[in-house]
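As structure tokens, the structure follows; a few thoughts come after it.
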Amino acid sequence: QESESAQGLLKYARNYNLAELKTSWYEKLEHWNEALEAYELHQLQDPGSIDCMLSRARCYDALGEYDKAVVLCKTLWQVPNEELKTAVAPLAATGAWNLSQWSWFEELIQRMNCDD
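Numbering (this note's numbering), first residue to last: 48 to 163.
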């Protein structure tokens, strides 16, 4: 019932322009295509946004577009930020597994084991 209420609120806000719709709302409601579209628009406005890249990767993963998710994850992996790598590793591992990228999968698993 909470999901239906949230969707109703989202529809109401969209119809009456009561508030700027937060992109994360789409993601939380698992409206992956709408979330991806919104994140892509945001990425065009701020091409260097790490958060936006990570959000797009989550959407691609949820949509089963692992090839696109992995491309973004590999880009994010190059950022010298350990906290980011910790966030990216599980998402990247899912994509690597589904694309049979075993050497990268092994690197990601080792990273996740070190974080435990």
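Idealized CB from N, CA, C, for every residue including glycine.
This one's a predicted model, so the numbers in the text were calculated from it and none came from an experiment.
For the stretch 143–155 and the stretch 104–121, state whether three or more C-beta atom pairs, one from each stretch, are separated by less than 8 Å.
yes
Helix, strand or coil for Asp98, going by three-state DSSP, please let me know.
Residue numbering aside, residue 98 sits at position 51 when the sequence shown is read from its first letter. Helix.
With a Cβ-Cβ cutoff of 8 Å, do Gln92 and Arg103 count as a contact?
The count along the sequence shown starts at 1 and reaches residue 92 at position 45. The count along the sequence shown starts at 1 and reaches residue 103 at position 56. Not in contact: Gln92 and Arg103 (Cβ atoms no closer than 8 Å).
In the DSSP assignment, find the alpha helix (DSSP H) that holds Ser164 and state where it starts and stops.
A question about residue 164 goes unanswered here, because the residues of the chain that appear run from 48 up to 163.
For the alpha helix (DSSP H) containing Leu88, list its first residue and its last residue.
The residue given as residue 88 occupies position 41 in the sequence shown. Segment Trp79 to Gln92, the alpha helix (DSSP H) holding Leu88.
Can you give the Cα-Cα distance for Cys161 and Ile97, rounded to whole angstroms?
Along the sequence shown, read from residue 1 onward, the residue named residue 161 stands at position 114. Along the sequence shown, read from residue 1 onward, the residue named residue 97 stands at position 50. Near 23 Å, if we compare the C-alpha coordinates of Ile97 and Cys161.
Would you mind sorting Thr133 into buried or exposed? The rule is 16 or more other CB atoms within 10 Å of its CB.
Locating residue 133 in the sequence shown gives position 86, counting from the first residue. Exposed, because fewer than 16 other Cβ atoms sit within 10 Å of the Cβ of Thr133.
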